[in-house]
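Novice:
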Amino acid sequence: MKIKTIFKIVIAISIFQIMPLIISLFSPEFRLMLATDTFGSTPSDDAMQMFENFTLVISLVFTGVIFHIIGSMSFTDESVLRRQSFLYFVFFGFVSSTDLVAVLQGSNLTAPLPVILLGLISLAFLYYGSKKGVV
Numbered sequence: 338m339k340i341k342t343i344f345k346i347v348i349a350i351s352i353f354q355i356m357p358l359i360i361s362l363f364s365p366e367f368r369l370m371l372a373t374d375t376f377g378s379t380p381s382d383d384a385m386q387m388f389e390n391f392t393l394v395i396s397l398v399f400t401g402v403i404f405h406i407i408g409s410m411s412f413t414d415e416s417v418l419r420r421q422s423f424l425y426f427v428f429f430g431f432v433s434s435t436d437l438v439a440v441l442q443g444s445n446l447t448a449p450l451p452v453i454l455l456g457l458i459s460l461a462f463l464y465y466g467s468k469k470g471v472v
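First residue of the sequence shown? That's 338 in our numbering, and the numbers climb one at a time after it.
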C-alpha cells in the first residue's frame with residue numbers, strides 16, 4: 338500500500354475522531370452532552386471549564402498534526418516516508434495509550450470505544466506504512 342494513501346486514511350480517521358470535540362467548541366448543548374457522559378448529570382462549573390480547555394487543546398493539537406501529515410506528503414523518498422510513518426506511529430501510540438490504560442484501570446475518563454478503536458486502526462496503518470509501505 339502507498340504510504341501517502343495511508344497518510345490520507347489516517348488524516349480522515351483523525352478528523353472523524355476530533356469532530357465531536359470541534360463541534361463541542363461551537364455548540365453548548367453538544368458540549369454539555371459530552372461532559373455529562375464523563376462528569377455525571379450535573380457537572381460543576383470548574384469541570385465544564387476544564388472540559389472546554391481540554392477540547393480546545395486536543396482539537397488544536399490534532400489539527401496541527403493533521404497539517405504536519407499533509408506536509409509530510411510532499412516527500413518523495415521512500416525511506417523518508419517510512420520514517421515519517423514510524424514517527425507518526427509512535428506519536429499516535431502515546432496518544433492511544435492514555436485511553437487504553439484508563440480503560441484497563443476501569444476509569445470512565447476515556448474516549449468513547451469507537452474513538453479508541455479508530456486510534457488503533459490508525460496505529461496499524463502507520464506501522465504497516467513504516468515496514469512495508471511503498472511510494
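Heads up, the beta-carbon is just placed ideally off N, CA and C, and yes, glycines get one too.
1) Determine, using beta-carbon pairs with one atom in the stretch 448-468 and one in the stretch 425-433, whether at least three such pairs fall under 8 Å.
2) Drop a sphere of 10 angstroms on the beta-carbon of residue 392, count the other beta-carbons inside from all chains shown, and report buried for 16 or more, exposed for fewer.
3) Give me the Cβ distance between residue 351 and residue 399, rounded to the nearest whole Å; I'm assuming they're in contact under 8 Å.
4) Which term fits residue 339, buried or exposed, when burial requires 16 or more other beta carbons within 10 angstroms of its beta carbon?
5) How do the stretch 407-420 and the stretch 373-382 stand: do at least 3 beta-carbon pairs fall below 8 Å, yes or no?
6) Please state whether DSSP places residue 471 in a helix, a strand or coil.
7) Determine the extent of the alpha helix (DSSP H) in which residue 376 is found, giving its start and end residues.
Specialist: Based on what the coordinates show:
1) yes
2) buried
3) 6 Å
4) exposed
5) no
6) strand
7) For residue 376, the enclosing alpha helix (DSSP H) covers residues 365-376.
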